[in-house]
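First the structure, in the form of structure tokens, and then the observations on it.
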Amino acid sequence: MNTKNQTLMRIGLLVGIIIFINIISIRIFQRFDLTESKAYTLSDASKNLVKNLDDKFIAKAYFSGDLPAPYNNYRRYLQDQLDEYRAYSNGNFQYEFIDPSGKEDAIKEAQRYGIPEVQVQVIKEDKMQVEKAVMGVVFMYGDKQETIPVVKELEKLEYDISLNIKKLSQSEQKKVGILSGHGEPVLDKMKEFHQLLQQQYQVQTVSLANGAEVPMDISALVVVAPNEKLQDWETYLIDQYIMKGGKVGFLLNKVKVASLQEQMGQPLDVNLDKLLENYGVRINTDMVRDTRCANITIQQQVGPFMIPSQVQYPYIPVASDFNPKNIIVKNLQPILFYFVSSIDTTLAEKKGVRLEVLVTSSGKSGRMQNVFPISPTMQYTQEMFQEPRLPLAVTLEGNFRSAFENSIPMLDSAMQGKIDFAQKQNSCSNGRILVIGDGDFVVNETGGSASNALFAGNLIDWLIDDVGLTTIRSRETANRPLDEVESGTKTLVKSLNLVVPPVLVIVFGVIRWRMRALRKKRLEMAA
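Written as structure tokens, this is what we have:
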């Protein structure tokens, strides 16, 4: 066989191998994700959702074709995600892409599903132009449907898809109750937190007026920043909700600060200390200060002028010391607390319940006790930050005893006969309680950031024992800052970057010159 035929056979064999690999790759789905957080791999929660589908789940993606960068990448990423869902669904998850460009009927169909035309900026013929495009997905399961109107936040696309699968496939939404009637912030004051909860749960306010019990169809009750005392019989109703299997989150202020313009904070007692101490935890009447904190703007006088300036304010800590073993706070961005109090964790062991600290202050923190001056122009010393890692948020799990096991609350004449003590329960098993020494971190005007709401949403998922999507929701905001290095190391790295490249070029040039000289010498000797 001549050389020409051998070459043709090799080329044919290579082409055959390439075709075979492509055919196999179409039928066998596999991706390799080299990112640390596996950002491009479906989480176990998403896999379990599609594996448990018992009927056909249809996704129709309306996506304009021939979109320029970066929008063409949106389509590719969406298709990759849908491929993964389909691969793990046992054939129940199916999708199709529809290009509505120039098709009025397809555009109207997308709009009926809640997918609008949006304006995108494109560069054509060296000019910036605005064009209309459709970039949405509708999900259909049985006679129900949910929509992602515009695919644009790729980092949270998996969460959005899985959330819609969960909404459509579950028989009914669980309920979350927000306690009201004691000066708590209304839902409109907790916009980010409220909207996040509404994605998965029915949210309603709960009043204990006239002895009304906490409804047992509520999966979790959240007590957020009351500033008026609860009556003993109201704490009894909350206690009995827990004893009957309810889960409660206490987000409480122990020091009341109306605004930063106030000169002093005031201790706040809302009559929940006895209840919490009975369950194994205490919120201290103090304010945590931390060197890792937020900046605030104050007016400072410079000569005859008042100049706004930024100053660090230790009483608004930026907490990022999370429990690395707890899924609730995994991959979270820092949380902003607002005049937060520390938590005493020493009671839990005596009560026989399991306490887990979720968030602490930094290694340079301290506490203010007894009196609470809050002026932003206060002078601070190193001695004020000698109490590291103060607990700020904790969870409790286990078998709880009633705070009213050996007693019942006193009732005034207006409440006589409105509470049935004959049904009193004295214990519960597998209870769940969360406690945070700050109720304002979910309020718009003080905390209320997306990261704060995400943290609070994860806590509610844990209370309800529904943490499946928490892993995805937390992963979307994963932050990977560069490690801090010493100033001397920075200087060394900068110097090496300046010196090493030119030196390498010079060394390479010298080596090349010497090699040429040696080769020339050998040629001369051979001649």
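Residue numbers for the sequence shown follow the numbering used here, so the first one is 33 and each next one is one higher.
C-beta: ideal position from N, C-alpha, C; glycine also.
Query	Result
Between Pro-181 and Gly-168, what straight-line distance do the alpha-carbon atoms span, to the nearest angstrom?	5 Å
Where do the ends of the beta strand (DSSP E) carrying Glu-128 lie?	125-130
So Ser-96 is in the alpha helix (DSSP H); what residue range does that whole segment cover?	Neither: Ser-96 is in no alpha helix (DSSP H) and is coded neither H nor E.
For Ile-348, does the count of other Cβ atoms within 10 angstroms reach 16, so buried, or fall short, so exposed?	buried
Have a look at Val-391, Ser-373, Leu-368, Thr-329 and flag the residue whose alpha-carbon is nearest the alpha-carbon of Asn-355.	Val-391
Using 8 Å as the Cβ pair cut-off and three pairs as the minimum, do the segment 224-233 and the segment 275-283 touch?	no
As an exercise, report each continuous beta strand (DSSP E) stretch of at least 3 residues that is fully enclosed by the segment 371-449, in chain order.	386-392, 397-401, 423-433
Within 10 Å of its beta-carbon, does Leu-585 have 16 or more other beta-carbons around it, so buried, or fewer, so exposed?	Within the shown structure, residues of the chain are numbered from 33 to 559, placing residue 585 beyond reach of any answer.
Residues in the same chain with beta-carbon distance under 7 Å from Asn-402, minus the five sequence neighbours each way, listed in chain order, please.	none
Could you tell me which of Pro-102, Ala-77, Ala-257, Glu-128 sits nearest to Gly-469, measuring between CA atoms?	Ala-257
Please state whether the Cβ-Cβ distance between Glu-149 and Lys-135 is less than 8 Å.	no
Would you call the segment 414-427 in contact with the segment 435-445, where contact means no fewer than 3 C-beta pairs closer than 8 Å?	no
My output table needs one value for Gln-272: the three-state DSSP class, helix, strand or coil.	helix
Which of helix, strand or coil does DSSP assign to Thr-478?	coil
To which residues of the same chain is Asn-310 closer than 6 Å at the C-beta, ignoring the five residues directly before and after it?	Ala-435
Excluding the 5 residues flanking Arg-324 on each side, which residues of the same chain have their C-beta closer than 6 Å to its C-beta?	Val-350, Ser-394
Excluding sequence positions up to five away, which residues of its chain have a Cβ less than 7 Å from the Cβ of Glu-116?	Leu-74
At which residue ranges does the segment 233-264 contain complete beta strand (DSSP E) runs of 3 or more residues, listed in the order of the chain?	234-239, 250-256
Grab the span of the beta strand (DSSP E) containing Glu-178 for me, first residue to last.	176-180
Rounded to whole angstroms, what's the CA-CA distance from Ala-510 to Asn-363? Just pull it up for me.	The pLDDT assigned to Ala-510 is 45, lower than 50, so where the model puts this residue is not dependable, and the model offers no usable value.
Which one of Phe-337, Tyr-233, Val-531 has the shortest CA to CA distance from Ala-200?	The question names Ala, but residue 200 is Leu in the sequence shown. Comparing Cα-Cα distances from Leu-200 to each of Phe-337, Tyr-233, Val-531, the minimum goes to Tyr-233.
Using beta-carbon positions only, say whether Val-467 and Phe-371 come within less than 8 Å of one another.	no
Helix, strand or coil: how does DSSP classify Thr-73 here?	coil
In whole angstroms, what separates the C-alpha of Val-532 from that of Leu-550?	27 Å
In the DSSP assignment, find the alpha helix (DSSP H) that holds Asn-105 and state where it starts and stops.	103-119
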